[in-house]
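Residue numbers (my numbering), protein chains in the order written: chain A, 16 to 100; chain B, 1272 to 1429. Beta carbons: idealized from backbone N, C-alpha and C, even for Gly. Computed from a predicted structure; not experimentally measured.
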């Protein structure tokens, strides 16, 4: 489900990620160098991840700088190392 | 020169991605020296990207293995691979100060994968160093800048 929060206070990314583990989180940022921002929306399932991407691109179209943080891999019981063939 | 702060043990960098002249997306990549390719989910790069178009245009394909681990011993069925298509970037901007041109980002339409990794294909083009006492990772697009910055840091400690 996509949760629109539109918070106005600025929080470091790591605190937000701890607050919403296993979620993808849309943050409004002032600069690409920022490690903090304003929490805009949270997607807590794969069903709403595309909606979060749409929200990201909506903001970018309006020239509002945003980024999605938080990551996970779904569908497995654990992660292993990466290899490419 | 750019640096990223350690974020609970994970180094991340915010990037702007340009397929042509217009900015297509802003993404936060996890810097992953264990990943061979720089990859993300397709919708994050562009909500209108369609897998059929990649197939029709015969875009280059790579498979990432070992990301998913599931029960059973059916490795022969190859349901554990994630398929990625190449998207060539005119420009990739790392933070506010490093710009790389003509690099590729690999996208997947597989919903099981949802992360953005900056792999060795792009990291190979950069210089980086971990600074243990501050737990920061310094990244530069040329050796001279990195050397200057390291000298500056060393002088501050004396």
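According to DSSP, is residue i helix, strand or coil?
{"i": "residue 22 of chain A", "result": "coil"}
{"i": "residue 1355 of chain B", "result": "strand"}
{"i": "residue 42 of chain A", "result": "strand"}
{"i": "residue 73 of chain A", "result": "helix"}
{"i": "residue 1330 of chain B", "result": "coil"}
{"i": "residue 63 of chain A", "result": "helix"}
{"i": "residue 30 of chain A", "result": "helix"}
{"i": "residue 1295 of chain B", "result": "strand"}
{"i": "residue 1380 of chain B", "result": "coil"}
{"i": "residue 1304 of chain B", "result": "coil"}
{"i": "residue 83 of chain A", "result": "strand"}
Pick from the options: whose alpha carbon is nearest that of residue i?
{"i": "residue 1314 of chain B", "options": "A:53, A:34, A:21 and A:70", "result": "A:70"}
{"i": "residue 80 of chain A", "options": "B:1287, B:1410, B:1407 and B:1389", "result": "B:1287"}
{"i": "residue 47 of chain A", "options": "B:1419, B:1367, B:1427 and B:1425", "result": "B:1367"}
{"i": "residue 1319 of chain B", "options": "A:68, A:42 and A:28", "result": "A:68"}
{"i": "residue 77 of chain A", "options": "B:1355, B:1352, B:1330 and B:1295", "result": "B:1295"}
{"i": "residue 1260 of chain B", "options": "B:1336, B:1302, B:1310 and B:1423", "result": "A question about residue 1260 of chain B goes unanswered here, because the residues of chain B that appear run from 1272 up to 1429."}
{"i": "residue 1324 of chain B", "options": "B:1282, B:1378 and B:1410", "result": "B:1378"}
{"i": "residue 82 of chain A", "options": "B:1306, B:1403, B:1375 and B:1283", "result": "B:1283"}
{"i": "residue 1289 of chain B", "options": "B:1372, B:1389, B:1404 and B:1304", "result": "B:1372"}
{"i": "residue 1358 of chain B", "options": "B:1406, B:1335 and B:1375", "result": "B:1375"}
{"i": "residue 86 of chain A", "options": "A:73, A:55 and A:60", "result": "A:60"}
In the DSSP assignment, what are the bridge partners of residue i?
{"i": "residue 1391 of chain B", "result": "Paired residue(s): none; residue 1391 of chain B is not in a bridge."}
{"i": "residue 1287 of chain B", "result": "B:1297 and B:1364"}
{"i": "residue 58 of chain A", "result": "A:17 and A:39"}
{"i": "residue 8 of chain A", "result": "Since the first and last residues shown for chain A are 16 and 100, residue 8 of chain A lies out of range."}
With a 10 Å radius around its C-beta and 16 neighbouring C-beta atoms as the bar for buried, classify residue i as buried or exposed.
{"i": "residue 1299 of chain B", "result": "buried"}
{"i": "residue 1297 of chain B", "result": "buried"}
{"i": "residue 16 of chain A", "result": "exposed"}
{"i": "residue 1293 of chain B", "result": "exposed"}
{"i": "residue 19 of chain A", "result": "exposed"}
{"i": "residue 1393 of chain B", "result": "buried"}
{"i": "residue 1381 of chain B", "result": "buried"}
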